[in-house]
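In the UniProt record's numbering, the protein residues as written are 1 to 690.
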DNA sequence: TGTGAAGGGT
């Protein structure tokens with residue numbers, strides 16, 4: 001007889017044991033209580049053959065009035081309170097009426113609570129984010145004889161603050177007649193951790209006025225807030241207070257100081273504080289490594305990674321996450337692979353926290369298959385993991401696959417968020433899937449996700465690229481908020497694609513009103529006029545750019561050869577092997593012309609003669625990077641190039657012919673997506689570049 | 001029985 005069936009057999013003791021029947025707590029008569037003792041319980045145990053676990057995890061001193069065993073007919077489980085100890089797993093156990101069993105037992109006089117029990121229950125709610133249960137415990141606590149206990153009140157503030165209920169936390173905080181330094185620290189931390197640094201910093205002087213002395217807990221939260229707010233003067237003042245109160249050398253405060261100066265991009269101060277810190281830990285190292293990663297300084301991040309190990313600190317998942325992130329943004333696949341191997345060797349598990357950045361790194365470095373492999377190895381992919389893989393599919397031009405994976409994600413039970421829908425809409429836009437895009441845009445409401453401006457931008461892009469310029473315009477006018485420059489920019493891009501000069505000029509005017517200094521829209525408008533032969537209008541745009549000081553971002557391309565990243569600009573004269581590179585491209589150019597390549601000079605932004613335009617085209621940074629890669633990389637290997645702006649139409653065409661000529665895959669990452677050139681065609685289906 | 005610092009997805 002197993003224990004589950006045995007519970008049913010245990011119904012007879014209902015009259016003497018408190019139990020739930022038809023969602024009601026059945027309480028035995030008080031005289032029966034005296035007869036309930038360990039012996040009776042033991043005999044019931046032997047009757048039902050239920051090996052109740054006595055592995056108690058907590059050490060609460062809460063006193064049961066009598067030894068009881070509560071049997072539930074609905075949940076078929078035994079809730080054991082025969083000891084003076086309550087099991088941790090039972091702290092938040094539900095009763096059939098939706099309440100908490102522990103609270104029911106207290107209400108019916110079977111358990112005499114102590115302050116520690118409330119504290120344990122509140123902390124369990126905080127840990128699991130169970131705010132509904134937390135509110136029940138809070139109410140119960142307020143009606144108990146312990147309601148004036150400051151320590152528990154502090155636990156309540158902390159619980160609300162940690163569970164994203166800042167208003168509730170503040171309400172409790174404001175109503176507390178007596179507050180100590182922990183109370184103030186709890187609410188300051190709440191604001192600091194919930195992206196409200198202003199409020200956190202405003203409370204600090206109020207706390208000081210009450211003569212409460214801040215401690216290392218207070219300072220670490222205040223420094224985090226100061227770093228997020230970006231007011232350097234404020235941060236320096238908090239730093240001063242840390243020194244005054246003698247906490248600057250505390251490892252938590254010190255690490256927060258390092259991070260704060262990193263946020264201000266004051267790296268020399270960050271390094272100074274770090275070097276002064278006698279008591280360092282992994283977080284101190286990770287703060288610096290993360291900062292260099294954010295600044296795309298992969299070499300510095302990597303150097304610190306090596307140094308931390310020389311100083312006997314073990315890299316953590318934060319360390320690896322930062323390193324993969326910097327490899328992703330610089331597209332350093334070889335370096336990323338090396339760090340991945342290091343991580344595996346160190347025994348670090350592939351949890352979602354690291355796996356997500358690893359998926360992103362492989363996807364952004366153009367190694368799509370590795371991204372899929374890592375994703376498939378994740379034991380518990382979360383919404384970010386799914387978003388990363390959806391982005392990878394979308395950016396690599398696999399629109400239909402993106403949508404298939406999205407459906408799979410829904411079936412798995414992962415709740416999509418606004419980023420998920422942005423990935424899905426981007427996939428539709430990149431893949432030209434107009435109807436699907438409209439369908440998924442409407443679907444957002446089913447998930448209670450309000451479309452943000454980025455979703456509208458993608459929809460305008462989708463409609464515009466599909467040639468529905470009027471629909472896109474009407475879509476913009478019906479937006480629930482004012483369209484920003486990006487929305488009009490998307491329409492402008494579509495006008496360039498479909499050569500609609502009138503609407504393009506209108507959209508460009510709107511963009512210029514909102515963001516006059518972005519070079520992109522000016523260039524798009526120039527291109528619209530130039531490709532329509534309206535050279536006067538085009539030169540006016542150029543003149544206007546000069547007058548207001550808008551500069552075109554210089555185009556750069558990068559290619560990684562043997563762990564070294566080589567950068568090229570248009571008409572590059574700085575590379576040590578420039579002569580060989582130009583010669584190589586000339587040779588390639590001649591050979592691809594033989595198989596059908598015709599230079600497309602309409603992409604050159606200069607009012608010059610045809611011959612000069614072609615010469616300009618041949619010096620584009622991605623062509624030089626490609627020639628260099630062909631010279632240096634072994635035949636047959638994949639060539640991966642990264643570019644800081646969108647690939648021009650002529651380079652796109654040339655790359656297709658080169659992939660055919662050399663019989664190898666070329667992966668080009670530009671600002672918008674990946675282009676996989678293979679056998680004379682591109683994965684974007686020529687949909688994107690024009 | 002209470003309070004803290006570091007990462008990721010368009």
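Glycine included, every Cβ here is placed at the ideal spot set by N, Cα and C. These numbers were taken from a predicted model, which means no experiment stands behind them.
- In the DSSP assignment, no residue is bridged to residue 562.
- With distances taken between CA atoms, residue 193 lies nearest to 228 out of 639, 228, 181.
- In the DSSP assignment, residue 512 falls within the unbroken alpha helix (DSSP H) covering 501-514.
- In this chain, the beta strand (DSSP E) harbouring residue 677 covers 674-678.
- Excluding residues up to 5 positions away in sequence, 559 lie with their Cβ nearer than 6 Å to the Cβ of residue 566 in the same chain.
- The beta carbon of residue 168 sits closer than 6 Å to those of 160, all from its chain and outside the five residues before and after it, given in chain order.
- Fully enclosed alpha helix (DSSP H) runs of no fewer than 4 residues occupy 150-162, 166-175, 181-193, 197-209 of the stretch 148-213, in order along the chain.
- Per the Cβ contact rule, the stretch 229-237 is in contact with the stretch 259-271 (3 or more Cβ pairs under 8 Å).
- Residue 660 carries a helical assignment under DSSP once its states are collapsed to helix, strand and coil.
- Under the three-state reduction of DSSP, residue 681 is assigned to strand.
- Residue range 666-669 is occupied by the beta strand (DSSP E) that includes residue 667.
- Across the structure, residue 340 and residue 437 are spaced so that their CA atoms are roughly 36 Å apart.
- Its Cα nearest to that of residue 154, the residue 183 stands out among 516, 183, 93.
- Across the structure, residue 514 and residue 520 are spaced so that their CA atoms are roughly 13 Å apart.
- As the crow flies, the alpha-carbon of residue 399 is around 18 Å from that of residue 442.
- Contact check for residue 326 and residue 284: beta-carbon distance about 19 Å, past the 8 Å limit, so the pair fails to qualify.
- In this structure, residue 475 sits away from residue 492, with a CB-CB distance that is not shorter than 8 Å.
- By the Cβ test, the stretch 344-357 is in contact with the stretch 378-390, since at least three Cβ pairs between them sit closer than 8 Å.
- Judged by beta-carbon spacing, residue 214 lies within the 8 Å limit of residue 181, meaning their Cβ atoms are closer than that value.
- In the displayed model, residue 568 falls within a strand according to three-state DSSP.
- The beta-bridge partner set that DSSP reports for residue 548 is empty.
- Comparing C-alpha distances from residue 324 to each of 243, 309, 342, 313 shows the shortest one belongs to 342.
- Burial check for residue 197: the Cβ neighbour count within 10 Å reaches 16 or more, so the residue is buried.
- The C-alpha of residue 286 is placed about 25 Å away from the C-alpha of residue 387.
- In the DSSP annotation of this structure, residue 643 is not part of any alpha helix (DSSP H); the continuous beta strand (DSSP E) holding it starts and ends at 639-643.
- Put simply, of 527, 328, 617, 94 the residue whose alpha carbon is nearest the alpha carbon of residue 494 is 527.
- Bounds of any alpha helix (DSSP H) do not take in residue 518, whose DSSP letter is neither H nor E.
- Within the stretch 323-394, the complete alpha helix (DSSP H) runs of at least 4 residues fall at 333-346, 352-364, 368-377.
- Within the UniProt repeat "PPR" (281-315), the alpha helix (DSSP H) runs of at least 4 residues that lie entirely inside it are, in chain order, 282-294, 298-310.
- By a beta-carbon distance limit of 8 Å, residue 322 does not contact residue 277. Their separation comes to about 19 Å.
- Across the set 620, 588, 512, the C-alpha of 620 shows the shortest separation from the C-alpha of residue 554.
- Residue 503 counts as buried, since at least 16 other C-beta atoms from the protein chains shown sit within 10 angstroms of its C-beta.
- Take the alpha-carbon of residue 147 and the one of residue 141: they are about 6 Å apart.
- DSSP lists 569 as the beta-bridge partner residues of residue 556.
- Across the structure, residue 201 and residue 175 are spaced so that their CA atoms are roughly 20 Å apart.
- Judged by DSSP in its simplified three-state form, residue 580 adopts helix.
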